[in-house]
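To keep things clear, I will list the structure first and then write my remarks on it.
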Amino acid sequence: MKDVQSMPDSRNIDIDRVGVKNVKYPITVLDKVNGFQNTVATINMYVSLPHNYKGTHMSRFLEILHSNQRMISMRNFAQILREMKQRLNAESARLEVSFPYFIKKDAPITGAPGYMEYMCGFAGEMDDTHGVKHFTVSVSVPVTTLCPCSREISEQGAHNQRGFVKVAVDFKRFFWIEDLIALIEESSSCDIYSVLKREDEKFVTEKAFQNPKFVEDVVRDVAERLMQHENITHYTIEAENFESIHNHSAYAFLEKTMTEG
Numbered sequence: 000m001k002d003v004q005s006m007p008d009s010r011n012i013d014i015d016r017v018g019v020k021n022v023k024y025p026i027t028v029l030d031k032v033n034g035f036q037n038t039v040a041t042i043n044m045y046v047s048l049p050h051n052y053k054g055t056h057m058s059r060f061l062e063i064l065h066s067n068q069r070m071i072s073m074r075n076f077a078q079i080l081r082e083m084k085q086r087l088n089a090e091s092a093r094l095e096v097s098f099p100y101f102i103k104k105d106a107p108i109t110g111a112p113g114y115m116e117y118m119c120g121f122a123g124e125m126d127d128t129h130g131v132k133h134f135t136v137s138v139s140v141p142v143t144t145l146c147p148c149s150r151e152i153s154e155q156g157a158h159n160q161r162g163f164v165k166v167a168v169d170f171k172r173f174f175w176i177e178d179l180i181a182l183i184e185e186s187s188s189c190d191i192y193s194v195l196k197r198e199d200e201k202f203v204t205e206k207a208f209q210n211p212k213f214v215e216d217v218v219r220d221v222a223e224r225l226m227q228h229e230n231i232t233h234y235t236i237e238a239e240n241f242e243s244i245h246n247h248s249a250y251a252f253l254e255k256t257m258t259e260g
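The following block contains the structure:
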């Protein structure tokens, strides 16, 4: 049959990225406690397209996913990128994977069991010049913050709210997603639980009151903890509080590349 995608194109224009986007696909990821965890990912797969080809072969992206038997992790990410380049005869490839990840988290006092959902992601690029240009792991963690100013000026109580902290890191060696999530939760006024009984609710309310933080405090505390890990080479940190007494969010962002020595 005629292969239209492989036909020449006369416009002499390279395309930086072409591929499939928002593919919903069942995958298996590594789990620190249970070994593996099944989830459903949203996947974007792109390759570069030289000026002399009319199009890429879209079906091959899905074939590559299937050939890896649904397993996507830090350990085989470069292998998938390499396969994308080879199968599609491309100079560069980019893969983005986002997925919900669940961690069993018991209530702090009663031990009532529950599961917390965290949105996680892998993203990486490979090209002929640099090999793997970068590989980033990201997590989005729900947290509680309590306003230091509100606590200072109020005779009774202080306003608090739920927020999200999103951290993306480049790194040298494998690490567990759970450890990054724990680091972020430790940097908030109090972490969040899916199940709380009355004793637990009292505990988390008082813990937040004793540990007030602005969004500025949160991103700085996360950064301070990340800087203690020589495995991390670059990071971005975003914190957003959904303010309980305002019609807007409070937001902070910082980025740093770690230098040797």
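Under numbering that gives the first Met the number 0, the residues of the sequence shown are numbered 0 to 260, in order. By construction, the Cβ of each residue, glycine as well, lies at the ideal position given by its N, Cα and C atoms.
Quick check on DSSP: helix, strand or coil for residue i?
{"i": "Arg-69", "result": "coil"}
{"i": "Lys-31", "result": "coil"}
{"i": "Met-257", "result": "coil"}
{"i": "Met-226", "result": "coil"}
{"i": "Phe-202", "result": "helix"}
{"i": "Cys-146", "result": "coil"}
{"i": "Asp-105", "result": "coil"}
{"i": "Glu-177", "result": "helix"}
Can you grab the Cα-Cα spacing for the pair residue i / residue j, in whole Å?
{"i": "Gly-260", "j": "His-50", "result": "Summary for Gly-260: the model assigns pLDDT 45, below 50, so the residue's position carries little reliability, and this model does not support an answer."}
{"i": "Val-140", "j": "Ile-183", "result": "7 Å"}
{"i": "Lys-255", "j": "Arg-86", "result": "35 Å"}
{"i": "Leu-195", "j": "Lys-201", "result": "9 Å"}
{"i": "Leu-179", "j": "Val-142", "result": "14 Å"}
{"i": "Gln-68", "j": "His-233", "result": "31 Å"}
{"i": "Arg-93", "j": "His-247", "result": "35 Å"}
{"i": "Ile-12", "j": "Lys-20", "result": "22 Å"}
{"i": "Glu-239", "j": "His-158", "result": "15 Å"}
{"i": "Arg-150", "j": "Ser-186", "result": "18 Å"}
{"i": "Ala-207", "j": "Phe-213", "result": "12 Å"}
Strictly by DSSP, which residues pair up with residue i?
{"i": "Pro-99", "result": "Met-118"}
{"i": "Val-164", "result": "Val-140 and Ala-238"}
{"i": "Gln-36", "result": "Val-28"}
{"i": "Tyr-251", "result": "Position check: residue 251 holds Ala in this sequence, whereas Tyr was assumed. Bridge partners of Ala-251: Ala-238."}
{"i": "Asp-216", "result": "DSSP output for Asp-216 lists no bridge partner at all."}
Taking residue i and residue j to be in contact with their CB atoms under 8 Å, please state how far apart those CB atoms are, rounded to whole angstroms.
{"i": "Lys-23", "j": "Thr-41", "result": "6 Å"}
{"i": "Thr-38", "j": "Leu-48", "result": "The Cβ separation is near 31 Å, so there is no contact."}
{"i": "Leu-170", "j": "Ile-231", "result": "Checking the displayed sequence, the identity of residue 170 turns out to be Phe instead of Leu. The Cβ separation is near 5 Å, so the contact holds."}
Worksheet item: Can at least three beta-carbon pairs, one atom from the stretch 217 to 234 and one from the stretch 146 to 159, be found at a separation below 8 Å?
Response: Short answer: they don't touch.
Worksheet item: Are the stretch 120 to 132 and the stretch 175 to 191 touching, with three or more C-beta to C-beta distances below 8 Å?
Response: By the C-beta criterion, the stretch 120 to 132 is judged not to be in contact with the stretch 175 to 191, since fewer than 3 inter-stretch pairs fall below 8 Å.
Fill in: Contact the stretch 102 to 109 vs the stretch 74 to 94: 3+ CB pairs below 8 Å
No: fewer than three Cβ pairs fall under 8 Å.
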